[in-house]
Every structure is written in C-alpha cells, then in structure tokens.
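Residue numbers (my numbering): 309 to 624. We treat Cβ as the ideally placed atom computed from N, Cα and C, and that holds for glycine.
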Ligand code: SF4
Ligand code: FES
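Below, the structure written as structure tokens:
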C-alpha cells in the first residue's frame, strides 16, 4: 500500500494506483478532470493533458518535487507522495492553457450540439476557459460523416482523445485504427466505419467526451436537460440490457448506457438496446436515474416541468 496526500487529503491506496484514481477514491473537487482517460478502456489516458497535477513531494524515500507537472491519469502514486491539484497555481495555469489549445479547433457550437449539457469540454471551458480566443488563424474544418445509419461524426468537434478508437478496438472485438495522420492533420479515419456492422458500435457515442460522435436517432430532437432519465432494463441476449432511457413523457428519445459521475460506462450496451428499443413496452423501468455528474444536467433541470413545445433545433 502507498500513502498519498492530494490537496491536503491523505489516503492509502494499493501500489500502482494512479494519482487520478487515488483522487477519485477521495472524491469531491480535488479530482482532476479527465478528457481521454476512461477506466474500462485499456491504454486510455495520457493524450489530453487536462489531468495535469503538481507533485510537490515525490515520495518518502525521495522527497524532491517533480520538476514538471505530470499527467495524473498515468502517473502511479509513491508512498509519501504529496500532490497539488486545485491548490497549485501552476496546475491551474497549465489547465487554462490546455483548454485554450483544445478550443483552438473546436467550434463553439454548443447551441446546436446534442452533447450540450453533458459535454466534458463545455464544463472544462466553463471552469478553466478564457473569455476570448487569441487564435487568429483558420480553424480546421471537416465535412460531417455518417458512420452507418446510427452514428454521425463531426470531426470538427473531435479532440482526438482516442476513446472511440479504443472502444471500437476493445469492445467490438475487431482491430480498428481510428486516428489517421498526425499533428494538425490528424483525424478519426473512416476505418472506424467498419464498426457499423458490429453490435456494440454505438458505444463510441457514449465514450466521446464531446459532441463529435452523436446518435442519429436522437440528433436535434431535444436538449438533454428537457429529457427525463430513467433506469430501465430488458432481457437481452447480447448485452447486460441495463440502460438509461431519456424520455419526454412516455416517448423514449434516446437510450444510453449507465454512466458514473466521471462519465464512464461500466457495462456497455448493444445496438439493439440502444437504437431499436424505443418503446416503453420494451423495458422494465426501475425508477428515475440519479445523475451524479457535476454539470448542467445535474442542476435539477430534469425535474422541472417539460415545456409544452420542446425547442427543436434547425437541422445543421
Ligand atoms: S470522436 Fe470523440 S471519442 Fe473519438 S477521438 Fe474524437 S473526441 Fe475522442
Ligand atoms: S486524462 Fe490524463 S492525459 Fe487525458
């Protein structure tokens, strides 16, 4: 076991635990944000740098501070380590810089994006973003791509976190290479279209931290905060059959897997449950879903009366 102190909170964790997971065990505001790390996906993390923290004491044996900020999602704790996240001005400054970089190419189209209200980048920009961009050059833009009948890719919104690539690779059981080219030219490749035929391809929508991969059966139907989430299950021979229904009245607007407060899915669901079971008679409802996540979607908006005419957006 190793003892680690994060922003003044001390916890003992098994050897090999990362700083991020140790912080999650403590919980609360001291948990660094994570845009690319995703516990169920092997190899995820280390791409986005939003989880940077300052290690002010390396360990009991070697108390020297680490000279640079480290990615908390891929740095294991050492016994006696001391970490600063929200208490480190260097970390907060660096995080601002990371958000600025992420937003260089990401369009500010939240008003027409299905992910608005549950977008991790939106939350990150709210907490750490600058009011104005300093970027003067053209943003890179892409045509939207239909990845089969159910998924739409807005490459313009993608932050290249690789989560969908790992999902296609690990969950669908077929080897996929999703990111083509490098640097400014990098993009999610059409190879991922091969995931269309797979029963679990819809999970790339759930793991995407932004609105780059959206559900074509839900697009532009409603803002998420006008829908009511319900825990429900059904007998399914392909997956666990445990999902969240996002309803307006008795109409199921979309079906997703169940996510925790970090936006992580523990049990992935199949495409049949996600896209084809949109009738209440398909499901056994367990009750209202408690949304743990810190976001507009957990601000009690779900339980306000639904406006008579839920605003529909222009199809962009
Ligand atoms: S499409 Fe979404 S999940 Fe895939 S790399 Fe881009 S941001 Fe990440
Ligand atoms: S979450 Fe650690 S680098 Fe992205």
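Taking C-alpha positions only, residue 520 is separated from residue 389 by approximately 37 Å.
Under the three-state reduction of DSSP, residue 335 is assigned to coil, being neither helix nor strand.
Within the same chain, Cβ atoms closer than 7 Å to the Cβ of residue 438 are found at 404, 408, the five residues on either side in sequence being excluded. Distance from the C-beta of residue 345 to the nearest heavy atom of ligand 2 is below 7 Å.
Going by DSSP, residue 310 is part of no alpha helix (DSSP H) but of the beta strand (DSSP E) stretching over 310–314. Sixteen is the threshold: since fewer than 16 other Cβ atoms of the shown chains lie within 10 Å of the Cβ of residue 416, the residue is exposed. Of the candidates 460, 464, 486, 530, 486 places its Cα closest to the Cα of residue 471. Contact annotation, residue 380 with residue 326: C-beta distance approximately 6 Å; criterion of less than 8 Å satisfied.
At least one heavy atom of ligand 2 is found less than 7 Å from the C-beta of residue 358.
The beta carbon of residue 421 sits closer than 6 Å to those of 519, all from its chain and outside the five residues before and after it, given in chain order.
Under the DSSP definition of a beta bridge, residue 389 partners with 312. If you look at residue 494, you'll find it isn't in any alpha helix (DSSP H); DSSP assigns it neither H nor E. Pairing residue 541 with residue 374, the inter-Cα distance amounts to about 48 Å.
Look at residue 404: its beta carbon is at least 7 Å from all of the heavy atoms in ligand 2.
By the Cβ neighbour-count rule, residue 512 is buried, with 16 or more other Cβ atoms within 10 Å of its own. In this structure, the straight-line span from the alpha carbon of residue 473 to that of residue 467 is close to 12 Å. Counting C-beta pairs with one atom in each stretch, the stretch 331–341 and the stretch 353–362 have three or more that are closer than 8 Å, which means they touch. The three-state reading of DSSP puts residue 486 in coil, since its state is none of H, G, I, E or B.
Contiguous alpha helix (DSSP H) elements confined to the stretch 509–542 occur at 511–515, taking only those with 4 or more residues. In this structure, the C-beta of residue 379 stays at least 7 Å away from each heavy atom of ligand 1. For residue 474, the enclosing alpha helix (DSSP H) begins and ends at 471–478. Selection 443, 492, 557 evaluated against residue 464 yields 492 as nearest (Cα-Cα). Exclusion of residue 565 from the 7 Å shell around ligand 2 follows from its C-beta lying no nearer than that to any non-hydrogen atom of the ligand.
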